[in-house]
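A.B. asks: Have a look at this one before I ask anything.
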Amino acid sequence: MYVEVREINKTFGDFKASDHVSFGIEKGKLAALLGPSGSGKTTILRIIAGLESADSGDVLINGKTVNRLSPSERGIGFVFQSYALFRYMTVAENIAFGLKVKKQPADKIKERVAELIGLTDLTGLEKRYPNELSGGQRQRVAFARALAPEPGLLLLDEPFAAIDAKVRKELRQWLREMIHKVGITSIFVTHDQDEAVEVADQIMVMDKGRIEQTGVPYEIYKEPKTAFVAGFVGNPVILESFEGLKGFEKGEFTRAIIRPEFVEAFKSDNPHFKDIIPFAQEGVIRDILFRGSSLELKIDVGGVLLTTHRSLERRPVEVGEKMNVIIYRLYAIQGNETKLLENQDLKKIDPDNKRMESYLYGDGGYFTT
Amino acid sequence: MKFTAAKGKSNPRVIPGFGLTLGTTLAFLSLLILIPLASVLVYSFSLTPTEFWEILLSESVVWSFVTTIGCALIAALINCVFGTILAWTLVRYDFPFKRLLDGLIELPFALPTAVAGITLSKLFSDQGFFGAPLARIGIRVSYTHLGIITAMVFIGIPFVVRTVQPVLSKLDPQFEEAAYCLGASPARSFFRVVLPELRPALLTGFGLALARGIGEYGSVIYIAGNSAKEHTQVSSYIIMQKLNYLDYEGATAVALVILILSFGLLLFTNIIQIRQARRTGMR
Amino acid sequence: MRKQSKTGKIVLITISTLFVVLMLVIPLISVIANSLSKGLSFYLQSITTKTVLSAIKVTLIATGIALLVNTVFGIIASWLLTRYEFKGKQVLAALIDIPFSVSPVIAGLSYIMMFGRMGWASPLLEALDIKIVFAIPGVVLATIFVTFPFVSREIIPVLNAVGKDEEEAAAMMGAKGFTIFRKITFPHIKWALIYGMILCAARALGEFGAVNALSKTRGETFTLPLEIDALYLSGSSDSIVSAFAVSSLLVIVAVVILVLRSIFEYRGRKTQNTKEARVED
Numbered sequence: 001m002y003v004e005v006r007e008i009n010k011t012f013g014d015f016k017a018s019d020h021v022s023f024g025i026e027k028g029k030l031a032a033l034l035g036p037s038g039s040g041k042t043t044i045l046r047i048i049a050g051l052e053s054a055d056s057g058d059v060l061i062n063g064k065t066v067n068r069l070s071p072s073e074r075g076i077g078f079v080f081q082s083y084a085l086f087r088y089m090t091v092a093e094n095i096a097f098g099l100k101v102k103k104q105p106a107d108k109i110k111e112r113v114a115e116l117i118g119l120t121d122l123t124g125l126e127k128r129y130p131n132e133l134s135g136g137q138r139q140r141v142a143f144a145r146a147l148a149p150e151p152g153l154l155l156l157d158e159p160f161a162a163i164d165a166k167v168r169k170e171l172r173q174w175l176r177e178m179i180h181k182v183g184i185t186s187i188f189v190t191h192d193q194d195e196a197v198e199v200a201d202q203i204m205v206m207d208k209g210r211i212e213q214t215g216v217p218y219e220i221y222k223e224p225k226t227a228f229v230a231g232f233v234g235n236p237v238i239l240e241s242f243e244g245l246k247g248f249e250k251g252e253f254t255r256a257i258i259r260p261e262f263v264e265a266f267k268s269d270n271p272h273f274k275d276i277i278p279f280a281q282e283g284v285i286r287d288i289l290f291r292g293s294s295l296e297l298k299i300d301v302g303g304v305l306l307t308t309h310r311s312l313e314r315r316p317v318e319v320g321e322k323m324n325v326i327i328y329r330l331y332a333i334q335g336n337e338t339k340l341l342e343n344q345d346l347k348k349i350d351p352d353n354k355r356m357e358s359y360l361y362g363d364g365g366y367f368t369t
Numbered sequence: 001m002k003f004t005a006a007k008g009k010s011n012p013r014v015i016p017g018f019g020l021t022l023g024t025t026l027a028f029l030s031l032l033i034l035i036p037l038a039s040v041l042v043y044s045f046s047l048t049p050t051e052f053w054e055i056l057l058s059e060s061v062v063w064s065f066v067t068t069i070g071c072a073l074i075a076a077l078i079n080c081v082f083g084t085i086l087a088w089t090l091v092r093y094d095f096p097f098k099r100l101l102d103g104l105i106e107l108p109f110a111l112p113t114a115v116a117g118i119t120l121s122k123l124f125s126d127q128g129f130f131g132a133p134l135a136r137i138g139i140r141v142s143y144t145h146l147g148i149i150t151a152m153v154f155i156g157i158p159f160v161v162r163t164v165q166p167v168l169s170k171l172d173p174q175f176e177e178a179a180y181c182l183g184a185s186p187a188r189s190f191f192r193v194v195l196p197e198l199r200p201a202l203l204t205g206f207g208l209a210l211a212r213g214i215g216e217y218g219s220v221i222y223i224a225g226n227s228a229k230e231h232t233q234v235s236s237y238i239i240m241q242k243l244n245y246l247d248y249e250g251a252t253a254v255a256l257v258i259l260i261l262s263f264g265l266l267l268f269t270n271i272i273q274i275r276q277a278r279r280t281g282m283r
Numbered sequence: 001m002r003k004q005s006k007t008g009k010i011v012l013i014t015i016s017t018l019f020v021v022l023m024l025v026i027p028l029i030s031v032i033a034n035s036l037s038k039g040l041s042f043y044l045q046s047i048t049t050k051t052v053l054s055a056i057k058v059t060l061i062a063t064g065i066a067l068l069v070n071t072v073f074g075i076i077a078s079w080l081l082t083r084y085e086f087k088g089k090q091v092l093a094a095l096i097d098i099p100f101s102v103s104p105v106i107a108g109l110s111y112i113m114m115f116g117r118m119g120w121a122s123p124l125l126e127a128l129d130i131k132i133v134f135a136i137p138g139v140v141l142a143t144i145f146v147t148f149p150f151v152s153r154e155i156i157p158v159l160n161a162v163g164k165d166e167e168e169a170a171a172m173m174g175a176k177g178f179t180i181f182r183k184i185t186f187p188h189i190k191w192a193l194i195y196g197m198i199l200c201a202a203r204a205l206g207e208f209g210a211v212n213a214l215s216k217t218r219g220e221t222f223t224l225p226l227e228i229d230a231l232y233l234s235g236s237s238d239s240i241v242s243a244f245a246v247s248s249l250l251v252i253v254a255v256v257i258l259v260l261r262s263i264f265e266y267r268g269r270k271t272q273n274t275k276e277a278r279v280e281d
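Read top to bottom, the protein sequences are chains Z, W and E. Going by this note's numbering, the letters in the first sequence line up with residues 1 to 369, in that order. Going by this note's numbering, the letters in the second sequence line up with residues 1 to 283, in that order. Going by this note's numbering, the letters in the third sequence line up with residues 1 to 281, in that order.
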């Protein structure tokens, strides 16, 4: 582990910002601290940077405890949410600043600045001032400036928050590629699950100062360990009661979390689904939202409002139309525990889930017409 | 008062220089301002309470307080009215010489008080440019309370304009437009919608103008006439008189009352500003 | 924009203009008019007497030192109050503003109580053979007192608006305090600093009450406002015109200061506006 955070605790007055936070990140990996606002993710980042000090616990970088070191002695690069570019310095001067204060020889500084300008694709903008740059260009300058002194660890606080939605998508890819190209271990903070899933190698999901789950994006998405994670990722619907849903035993569970992709809605005359019509329930479309590449349907099933996506290529539907609804699976919640429940009825005719896969991916299934 | 880190015991200060700047600031502040002011307090302790009250309750001192506070209050109120009108005009309207008008507001800050004092006194005297026509209709300004108020209005106007102006220019015209759309007349929407928004700034400006009026010396003494009989002596004048007659006990006692009054006003304006900062911070 | 009431606008502009003309412009003009009422040669003679020249000297000394002290203090205090979080910050900020609300006469009195014959520090001064009260140092101290918060008051809002991200970023890269100030902070506060210094100088030149309490010798420790006071109160019509002649010098300085003020404020606002506008995009 290149970076290790051990049992960090931090309170601001009555507010517990960090509660026994521990995680590790391997060298060269890009990790995301993901959580809603107030979850304590920025506090942890600032503690690693040395901008804030923990009440207890240790931060180790490259095997060395850095608790007592000042931010500048920790060998980190920090990209502020606002970027904090020096407004009265040009792009080149901004990038050179960290090298100048380290008293590096002038020719070496020049060389390194040129290298970073090339790397971050800022050629031709060296003499510009920050206010003459676009949001994306500013982010690249901040990135280059943080990298200039060759830190061992790069920390980014909400790196995409100050950029408009369209450019953000491009920059995510750019940042991911750049960080892997440079090979620097990095941690970034975000409240946006898409961003975390798309950019990071590893995600730490945080809530109320605690780490809820650590894992690769796929694990976080497919196997949420806690009720919070299940409810936070994947745009789910949270049900206080799921007694009326066919194929599921409520048992001891108190709540259910259902993602759109767990729900299939089809019309009675659709031949692809004729085998499983007996297991379906009737639902009524209450609302149709156009989501660009697909439709989002809100379907009322016995008083429970479920959400599902529907490909634009499938037959058109209308509000008020009756549909057959099947729920393949759901996350059942008890306390903070979560358990994936499969639809028992479907399981009887298809114990290995093979048929279900064919519904999903075959003709007329979820991912085709 | 303790100057320690706000968050926990070991909060690292990222930007270097805290100790140095705190030390220098406290040293300057103590040596130049706080210790001298405390000396007034210390000296006043050497008076017995009877002596102290005797000085304060003497006729000329009591009347000086009445005159000073009364005139300063009236002047501050006048300034609130005209200050709001000026700020409103400067923020909301465009007209020729607007920037000149805006610049002139600061004149009382830039003009030495003694110069303002002799000039106002001359202008409003019975033979003066303003004084002569006013005298004809029976109004005397120089050497009356009216003169003191005039000088205090002159000296206090920038405080109100300069505190109200920024708030007004930040105030979203949509507030008024909303009120207007709901059918409120411009006057009504001003009093019901704009004025409440301006209240903290107006109170701050009022407090500052009042404090300045109470402490004012240079611009007031020439126009005031300083007659004990007509009660046109302000407290600053009394202090200076007592100093000139080497009556340090008397000067200190009067100064202490004025100081306490000033600190009260300082506290008042600071509380308003802090509360205002919190309120706008919430938004 | 909604339609504005035309009459209301005209009435308000008229009231505002009238107020400014009557209360501010006419007094300004009348100083000049009065000062020239006995001819130009009398004017020139009035402003070159021995006592006036001495007063100019004392005024410049006091203003220069006050400007220096308050600029150094203003920069340090505003850095402290905007770059660090600590307990008692609000109280400290309020204490720095004290001279704004304390009567200048009381400022003068407080130095007498400290350094004067019965002041607690007088034995020390006697031992060191320093004279403060009724001497030039007293005049200087009084001037510093009344202009104490002028510079910091102009810088603090600018530093608050800029935020401390840039300084934090520089510190994280290992820059020392003075480097951070010189390279990062100073460019931001340049105009506000000059503006604050101008206001400080203006107030210092014109200070009357505080200096009046601490200066008693005409021709030696008198500043220009005290000289004006002496001329005016001596009562003869000649000396009153002389008082206005000396006043006109300070009026000219005041007008120059107002012009500079509006130039610097305009420049400061312009740089800040373009900054904000571009950050928005």
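Virtual Cβ for every residue (Gly too), placed ideally from N, Cα, C.
Reducing DSSP to helix, strand and coil, say where VAL52 (chain E) ends up.
C.D. replies: Here the question's residue 52 (chain E) lines up with position 52 in the third sequence. VAL52 (chain E) falls in the helix class under three-state DSSP.
A.B. asks: Short of 8 Å in beta carbon distance, which residues of its chain neighbour THR252 (chain W), apart from the five on each side in sequence? Order them along the chain.
C.D. replies: Your numbering for residue 252 (chain W) matches position 252 in the second sequence. Once the five neighbours on either side are set aside, the close Cβ partners of THR252 (chain W) are VAL40, TYR43, SER44, LEU47.
A.B. asks: Thinking C-beta only, is TYR84 (chain E) closer than 9 Å to LEU22 (chain W)?
C.D. replies: Walking along the second sequence from the start, residue 22 (chain W) turns up at place 22. Walking along the third sequence from the start, residue 84 (chain E) turns up at place 84. Yes, the Cβ-Cβ distance between LEU22 (chain W) and TYR84 (chain E) is below 9 Å.
A.B. asks: Closer than 7 Å by beta-carbon distance: list the chain W residues that pair up with LYS9 (chain E), in chain order.
C.D. replies: Counted from its first residue, the third sequence places residue 9 (chain E) at position 9. By Cβ distance, chain W contributes TYR93.
A.B. asks: Determine, using beta carbons only, whether LEU226 (chain E) comes closer than 9 Å to chain W.
C.D. replies: Residue mapping note: residue 226 (chain E) aligns to position 226 of the third sequence, counting from 1. True, the Cβ-Cβ gap to chain W drops below 9 Å.
A.B. asks: Would you report the Cα separation of LYS171 (chain E) and GLU158 (chain Z), rounded to the nearest angstrom?
C.D. replies: Numbered from its first residue, the third sequence carries residue 171 (chain E) at position 171. Numbered from its first residue, the first sequence carries residue 158 (chain Z) at position 158. Note on residue identity: the sequence assigns Ala, not Lys, to residue 171 (chain E). The alpha-carbon atoms of ALA171 (chain E) and GLU158 (chain Z) are separated by roughly 20 Å.
A.B. asks: Just curious, the beta strand (DSSP E) that LYS322 (chain Z) is in, first and last residue?
C.D. replies: Here the question's residue 322 (chain Z) lines up with position 322 in the first sequence. Element bounds for LYS322 (chain Z): 322-327.
A.B. asks: In the DSSP assignment, what residue or residues form a beta bridge with MET204 (chain Z)?
C.D. replies: Taking the first residue of the first sequence as 1, we reach residue 204 (chain Z) at position 204. BP columns for MET204 (chain Z) point to Z:LEU33, Z:THR214.
A.B. asks: Looking at the strands, I want to know which residues DSSP matches up with ILE299 (chain Z).
C.D. replies: Counted from its first residue, the first sequence places residue 299 (chain Z) at position 299. The partner list for ILE299 (chain Z) (beta bridge, DSSP) reads Z:ILE285, Z:LEU306.
A.B. asks: What are the residues that DSSP puts in a beta bridge with ASP172 (chain W)?
C.D. replies: Translated into positions along the second sequence, residue 172 (chain W) becomes position 172. In DSSP, ASP172 (chain W) forms no bridge with anything.
A.B. asks: Hey, how far is the Cα of PRO99 (chain E) from the Cα of GLY74 (chain E)?
C.D. replies: As a position in the third sequence, residue 99 (chain E) is number 99, starting the count at 1. As a position in the third sequence, residue 74 (chain E) is number 74, starting the count at 1. Each residue's Cα considered, the two are about 14 Å apart.
A.B. asks: Residues of chain W with CB under 7 Å from ALA213 (chain E), in chain order?
C.D. replies: As a first step, residue 213 (chain E) is located in the third sequence; it is residue number 213 there, counting from the start. Residues of chain W passing the Cβ test: MET240, LEU243.
A.B. asks: List the DSSP bridge partners of MET28 (chain E).
C.D. replies: Mapped onto the third sequence, residue 28 (chain E) falls at position 28. One point to set straight first is that residue 28 (chain E) is Leu, not Met, in the sequence displayed. Paired residue(s): none; LEU28 (chain E) is not in a bridge.
A.B. asks: Could you work out which residue in Z:ILE277, Z:GLU296, Z:GLY234 is closest to ILE258 (chain Z) when comparing CA atoms only?
C.D. replies: As a first step, residue 258 (chain Z) is located in the first sequence; it is residue number 258 there, counting from the start. The shortest Cα separation from ILE258 (chain Z) among Z:ILE277, Z:GLU296, Z:GLY234 belongs to Z:GLY234.
A.B. asks: I believe ALA146 (chain Z) touches LEU154 (chain Z) by the beta-carbon criterion, under 8 Å. Please report the beta-carbon distance rounded to the nearest angstrom.
C.D. replies: The residue you call residue 146 (chain Z) lines up with position 146 of the first sequence. The residue you call residue 154 (chain Z) lines up with position 154 of the first sequence. Yes, ALA146 (chain Z) and LEU154 (chain Z) are in contact; Cβ-Cβ is about 6 Å, under 8 Å.
A.B. asks: Give the straight-line distance between the Cα atoms of PHE376 (chain Z) and GLN193 (chain Z), rounded to the nearest whole angstrom.
C.D. replies: Here chain Z comprises residues numbered 1 to 369, so residue 376 (chain Z) is not present and cannot be evaluated.
A.B. asks: Is the Cβ of ALA245 (chain E) closer than 9 Å to any Cβ of chain W?
C.D. replies: Taking the third sequence and counting its residues from 1, one reaches residue 245 (chain E) at position 245. Cβ-Cβ to chain W under 9 Å: no for ALA245 (chain E).
A.B. asks: Considering Cα atoms alone, identify which of Z:PHE266, Z:SER268, Z:PHE242 is closest to LEU341 (chain Z).
C.D. replies: Reading the first sequence from its first residue, position 341 is the one you call residue 341 (chain Z). Answer by Cα proximity: Z:PHE242.
A.B. asks: Which bits of chain E does ARG278 (chain W) rub up against, with CB to CB less than 9 Å?
C.D. replies: Translated into the one-based positions of the second sequence, residue 278 (chain W) becomes position 278. Simply none; closest approach about 11 Å.
A.B. asks: Going along chain Z, which residues have a C-beta under 9 Å from ALA171 (chain E)?
C.D. replies: Within the third sequence, numbered from 1, the residue matching residue 171 (chain E) stands at position 171. Correct list: SER70, PRO71, SER72.
A.B. asks: Just mark THR308 (chain Z) as buried or exposed, buried being the case when its beta carbon has 16 or more other beta carbons within 10 Å.
C.D. replies: Mapped onto the first sequence, residue 308 (chain Z) falls at position 308. Flag for THR308 (chain Z) reads buried.
A.B. asks: For PRO104 (chain E), would you say it is in contact with chain W, using Cβ-to-Cβ distances shorter than 9 Å as the test?
C.D. replies: On the third sequence, residue 104 (chain E) is found 104 positions in, with the first residue counted as 1. Cβ-Cβ to chain W under 9 Å: yes for PRO104 (chain E).
A.B. asks: Measuring only between beta-carbons, confirm whether SER51 (chain Z) sits less than 9 Å from chain E.
C.D. replies: For the purposes of this step, residue 51 (chain Z) is taken as the residue at position 51 of the first sequence. Note that residue 51 (chain Z) is Leu in the sequence shown here, rather than Ser. Judged by the 9 Å Cβ criterion, LEU51 (chain Z) is in contact with chain E.
A.B. asks: Could you check the C-alpha separation between LEU208 (chain W) and GLY50 (chain Z) for me, to the nearest Å?
C.D. replies: Start at 1 with the first residue of the second sequence, and residue 208 (chain W) comes out as number 208. Start at 1 with the first residue of the first sequence, and residue 50 (chain Z) comes out as number 50. Cα to Cα, LEU208 (chain W) sits roughly 42 Å from GLY50 (chain Z).
A.B. asks: Let's see if you can read the secondary structure: which residues bound the alpha helix (DSSP H) around GLY231 (chain Z)?
C.D. replies: Within the first sequence, numbered from 1, the residue matching residue 231 (chain Z) stands at position 231. Start and end: 227-232.
A.B. asks: Using a Cβ cut-off of 7 Å, which residues of the region 86-110 of chain Z contact any Cβ in chain E, in chain order?
C.D. replies: Going along the region 86-110 of chain Z in chain order, one finds PHE86, ARG87, TYR88, PHE97, GLY98, VAL101, LYS102 with a Cβ nearer than 7 Å to chain E.
A.B. asks: In chain W, what lies closer than 7 Å to MET118 (chain E) by C-beta?
C.D. replies: Within the third sequence, residue 118 (chain E) is the residue found at index 118, counting from 1. The contacting residues are TYR248.
A.B. asks: Alpha carbon to alpha carbon, what distance is there between PHE12 (chain Z) and LYS7 (chain W)?
C.D. replies: Here the question's residue 7 (chain W) lines up with position 7 in the second sequence. Here the question's residue 12 (chain Z) lines up with position 12 in the first sequence. Summary for LYS7 (chain W): the model assigns pLDDT 40, below 50, so the residue's position carries little reliability, and this model does not support an answer.
A.B. asks: How far does the alpha helix (DSSP H) with ASN160 (chain E) in it reach, from first residue to last?
C.D. replies: Residue numbering aside, residue 160 (chain E) sits at position 160 when the third sequence is read from its first letter. That run of the alpha helix (DSSP H) goes 150-162.
A.B. asks: Spatial neighbours of GLY206 (chain E) within its chain, please: CB distance less than 7 Å, with the 5 preceding and 5 following residues excluded, ordered by chain position.
C.D. replies: For this step, residue 206 (chain E) is matched to residue 206 along the third sequence. If we look at GLY206 (chain E) and ignore the five residues flanking it on each side, its Cβ neighbours are PRO225, LEU250.
A.B. asks: Taking 6 Å as the limit between beta carbons, can you name the residues of its chain near GLU132 (chain Z), skipping five residues before and five after?
C.D. replies: Here residue 132 (chain Z) refers to the residue found at position 132 when the first sequence is read from its first residue. For GLU132 (chain Z), where only same-chain residues beyond five positions count, there are no Cβ hits under 6 Å.
A.B. asks: Tell me whether the region 56-71 of chain W and the region 224-231 of chain W touch, counting them as touching only if at least three CB pairs, one residue from each stretch, are closer than 8 Å.
C.D. replies: Segments in contact, yes.
A.B. asks: Is GLU26 (chain Z) helix, strand or coil by DSSP?
C.D. replies: Position 26 of the first sequence, counting from 1, holds the residue named residue 26 (chain Z). Coil, per DSSP.
A.B. asks: Just to confirm, are LEU298 (chain W) and TYR222 (chain W) a CB contact at a threshold of 9 Å?
C.D. replies: With chain W covering 1 to 283 only, the question about residue 298 (chain W) has no answer from this structure.
A.B. asks: Quick one: which chain E residues come within Cβ less than 8 Å of ILE258 (chain W)?
C.D. replies: Along the second sequence, one-based indexing puts residue 258 (chain W) at 258. Residues of chain E passing the Cβ test: SER103, ILE106.
A.B. asks: Could one say the Cβ of PRO187 (chain E) lies closer than 9 Å to chain Z's Cβ atoms, at least one of them?
C.D. replies: Your numbering for residue 187 (chain E) matches position 187 in the third sequence. Answer yes: the Cβ-Cβ gap between PRO187 (chain E) and chain Z drops below 9 Å somewhere.
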